[in-house]
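Top to bottom, those sequences are chains E and Z.
The opening residue of the first sequence carries number 2 in the working numbering; numbering runs sequentially from there.
The opening residue of the second sequence carries number 10 in the working numbering; numbering runs sequentially from there.
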Amino acid sequence: MAEITQIADLMREGRAVPHHRPWPRAVVTPDAWNTAVGLLGVPGWSLLGLWGDSAEVHMALRGEQSGEIGVLSLDCPGGHFPSVARTHPPALHLEAAVRDLFGLQAIGTPEPRPWLDHGRWGLSHPLGLTQAPSETRTYEFLPVEGESLHEIAVGPVHAGIIEPGHFRFTANGETVVRLEERLGYVHKGIEGLMAGSDIGRAAQLAGRVSGDSTVAYAIAFARAVEAALEIEAPQRGIWLRALMAELERLANHFGDIGAICNDAAFALMHAHCGVLRERVLRAADLCFGHRLMRDAVVPGGVSTELSSEGISALSALLGEIRRRFPALVELYDNTASLQDRTVGTGVLKSDLARQYACGGYVGRASGRAFDTRRTPGYPPYDMLHFDVPVLDAGDVNARVWIRIREVEQSLSLVEQIVDRLPSGDIRVGVAASIGATREGAAVVESFRGDILVWLRLGGHGRIERCHLRDPSWFQWPLLEAAVEGNIVADFPLCNKSFNCSYSGHDL
Amino acid sequence: MRKIIFETLLHGPLTEAAPAADAAALAEFGAALERVARRRFGRSLAIREVDAGSCNGCELEIHALNNAFYDIDRFGLRFVASPRHADVLLVTGPVTKNMREALERTYLATPDPKWVVAVGDCAVDGGSFAGSYACVGGVSAVVPVDLHIRGCPPRPLDLIKGLLALVEER
């Protein structure tokens, strides 16, 4: 085997799949698969996704330097494949999900426990070939040994207005020795519902994977469809998508900044950030007819034209935020009691962020300068000016500051988009029937990080397989690491600063 | 901090400055809701939110009820941390099979008299997720539901309207 230094070298090891866009996909041998797994342990390579299919498994890799992306596929005639997590832990739960959904076993995986399958579906391997009823098994949490340890079990129903999940803390006094997360409670079977759906229905489902990122998911899905069909949305549609995406980012970042401070019992920031968030949602409502802009992005473009009152609402919104936000930033920065809670709390080390190829504010607060709007990049961001803020501290404070800086960038982006919005159509038609199998993929930057969507369209124009990978897959495990050694009372603060999606992860 | 607090005091509450249509309706519904809740319960209404598989969109709008524009606390509506303190369960999502037991147990942990409000289109019948192997499909398939509030997600004002309808009908 020749030396492998880039994605193209890996692709040459396999049989290229011609109808896959925009990145290459190759069906490889177990040897080449293992070579790729080995590369993941080397700095410079990262895992972008790992998902099952009827009798094969796919893995998306990214070269960190070049930004190139490629998809490797391995046939699994025996119903198994060589484990990725054996040497690359970020794949652990992705592999478990492949097993739960498709019945494909990762040979050598260190995680024998089910993940999404809680034994309550009445069948096992719902997307695979064998669907015998699954049995309810007791979920064994990792054992703990040592003196003066106690366990705190939290969830799935939490104390606030939060999504469900279970957290098992092992604590020594006030100090968290270990946090173990158990997720899967909100598994809705979205990828199962996708299979056989027409493109319109599938787009709706994609927009309901994680409600806070409905725009980003809809864009990612639309871009994957457009890649597969080799069509392009009209310029105005593309710019309106970016406008929606930045409004969504603003709303979520305001919500998060306030909520993090609230978890440090600093309600004033929460109240004022809540006002800014509400103003963004009202402006979005005026612009596009829905506060969260749900179903506004569709394959082929956008479904809603920007209303005329929307444009003035946006300029009023920008003015209001620019008047109010700097004082709030100053307040955050100058309140010692608040800083005391956020600085040095929940530190995520940069080598872990790199290993997990962790995106969004979590990665960028721990030194990982990765933003899919930049690399691989997608329009219209190549025509817009913006910075990707990066910090190294990796604590709660750094994750707050990344959001603050990103708010500033998004304000500028909204302004640029409104100023330079191209005229013309907002949508092109998407063919109902395409005559041949096509595959497409896309990565899109949600407020939380990079969303990967991969799909295969049958000749009849329906979805055969669609996989949607939330950024939370690579962030949830790092929350476990960041919390270690902190006090139990700081967990809400750490958790909120990550703000991982339960629904996006559980799918 | 003092500057911001003083400024806020000088500017007055945002609830009055909010867009006219919404603000008028909100004040009307809110005040009516407060009167009825006091008559029925002799006190404020305690709400426990349960996400039974939502996409988290409904949670965002339920959260918004607490912001300065809607501020449902002023009507005597408040969110509580435990079902044992609750009069109302506000349930979202198509009820995933993995959440079914947790929802049942939360319902059983809520003392009588209690009401269940199913929030969002998927809480009605599974919505977009109806027919999935992983979803029960609708809150009423698991616990008795007193009221459905539709929407994907419902707007904050629709949520307040719904809660008003609940206490008036009981």
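The C-beta atom is built at its ideal place from N, Cα and C for all residues, glycine as well.
(Q) I need the boundaries of the beta strand (DSSP E) containing Asp451(E), first residue and last residue. (A) Gly450 to Leu458
Q) Excluding the five sequence neighbours on either side, which residues of its own chain have a C-beta within less than 8 Å of the C-beta of Ile488(E), listed in chain order? A) Glu175, Thr176 and Val177
Q) Using 8 Å as the Cβ pair cut-off and three pairs as the minimum, do the segment 299-317 of chain E and the segment 221-230 of chain E touch? A) yes
**Q.** According to DSSP, residues forming a beta bridge with Ala127(Z)
**A.** Val100(Z) and His157(Z)
Q | Residues bridged to Asn173(E) (per DSSP) | A | Thr176(E)
Q | Interface flag, Gly79(E) vs chain Z, CB-CB below 7 Å | A | no
Q: Flag this pair as yes or no: are the beta carbons of Gly45(E) and Ala33(E) separated by less than 7 Å?
A: no
Q. Ends of the beta strand (DSSP E) at Ile70(E)?
A. According to the DSSP assignment, Ile70(E) belongs to the beta strand (DSSP E) that extends over Ile70 to Asp76.
Q: Identify which residue in Gly104(E), Val348(E), Asp420(E) and Ile418(E) has its Cα closest to the Cα of Leu392(E).
A: Val348(E)
Q. For the candidate residues Leu117(Z), Phe15(Z), Thr115(Z) and Ala150(Z), whose alpha-carbon lies nearest to that of Ala132(Z)?
A. Of the candidates Leu117(Z), Phe15(Z), Thr115(Z) and Ala150(Z), Ala150(Z) places its Cα closest to the Cα of Ala132(Z).
**Q.** Asp125(E) classed as buried or exposed, judged by whether at least 16 other C-beta atoms fall within 10 angstroms
**A.** Contrary to the premise, residue 125(E) reads as Ser rather than Asp in this sequence. So Ser125(E) ends up on the buried side.
Q.
If you measure between the beta carbons of Asn107(Z) and Glu164(E), is that distance less than 7 Å?
A. no
Q.
Let me confirm a value: Pro144(E) is counted as buried when at least 16 other C-beta atoms fall within 10 Å, else exposed. Which label applies?
A. exposed
**Q.** As assigned by DSSP and simplified to three states, the class of Ser504(E)
**A.** Looking at Ser504(E) - three-state DSSP - the assignment turns out to be helix.
Q | Residues of its chain near Ala86(E), where Cβ-Cβ distance is below 7 Å and the 5 sequence neighbours each way are ignored | A | Ala92, Leu93, Glu96, Ala107, Thr110, Pro111 and Glu112
Q) Closest Cβ-Cβ distance between Gly21(Z) and chain E: below 7 Å? A) By this cut-off, Gly21(Z) is not an interface position.
(Q) Under DSSP, the alpha helix (DSSP H) around Arg109(Z) begins and ends at which residues? (A) Looking at the DSSP string, the run of the alpha helix (DSSP H) that includes Arg109(Z) is Lys106 to Ala118.
Q. Applying the criterion that 16 or more other CB atoms from any shown protein chain within 10 Å of the CB defines a buried residue, is Thr346(E) buried or exposed?
A. buried
Q) Looking only at its own chain, which residues have a Cβ that is under 8 Å from the Cβ of Glu247(E), when we skip the five neighbours before and after it? A) Only Ser411, Leu414, Val415 and Ile418 meet the Cβ criterion.
Q.
On a Cα-Cα basis, can you pick out the residue from Arg404(E), Glu407(E), Ser55(E) and Ser67(E) that is closest to Gly80(E)?
A. Ser55(E)
Q. Do the segment 469-476 of chain E and the segment 439-456 of chain E meet, that is, are 3 or more Cβ pairs less than 8 Å apart?
A. yes
**Q.** Proximity of Ser137(Z) and Leu206(E) at Cβ, strictly below 7 Å
**A.** yes
Q.
So for Pro90(E), helix, strand or coil by DSSP?
A. helix
**Q.** Separation of Glu181(E) from Ser434(E), as counted between CA atoms
**A.** 46 Å
**Q.** Three-state secondary structure assigned by DSSP to Gly15(E)
**A.** coil
Q | 7 Å Cβ cutoff, Leu41(E) in contact with chain Z | A | Interface with chain Z (7 Å Cβ-Cβ cutoff): Leu41(E) is excluded.
Q: Run the CB neighbour count on Asn173(E), radius 10 Å, all protein chains shown included, and call it buried at 16 or more, exposed below.
A: exposed
Q. Applying the criterion that 16 or more other CB atoms from any shown protein chain within 10 Å of the CB defines a buried residue, is Phe78(Z) buried or exposed?
A. buried
Q.
So, with DSSP's three-state summary, where would you put Val187(E)?
A. coil
Q: Determine, using beta carbons only, whether Trp455(E) and Ala437(E) come nearer to each other than 7 Å.
A: no
Q: Would you list the one or two residues that DSSP bridges to Ser198(E)?
A: Under DSSP, Ser198(E) shares a beta bridge with no residue.
Q: Grab the span of the beta strand (DSSP E) containing Asp60(Z) for me, first residue to last.
A: Its beta strand (DSSP E) spans residues Leu54 to Asp60.
(Q) So, for Gly253(E): in the same chain, excluding its five sequence neighbours on each side, which residues have a beta-carbon less than 6 Å away from its beta-carbon? (A) According to the sequence as given, residue 253(E) is Asn; it is not Gly. Counting only Cβ-Cβ distances below 6 Å, and skipping sequence neighbours, we find Asp213 and Phe448.
Q.
Taking contact to mean 3 or more Cβ pairs, one atom from each stretch, closer than 8 Å, check whether the segment 112-122 of chain Z and the segment 80-90 of chain Z are in contact.
A. no
(Q) Just to confirm, is the Cβ distance from His59(E) to Ser74(E) under 7 Å? (A) Taking 7 Å as the cut-off, the beta carbon of His59(E) is found closer than this to the beta carbon of Ser74(E).
Q: Assign Ala30(Z) to one of two classes, buried (16 or more other C-beta atoms within 10 Å of its C-beta) or exposed (fewer than that).
A: For Ala30(Z), the predicted structure reports a pLDDT of 42, less than 50, and the residue's modelled location is therefore unreliable. The matter cannot be settled from this model.
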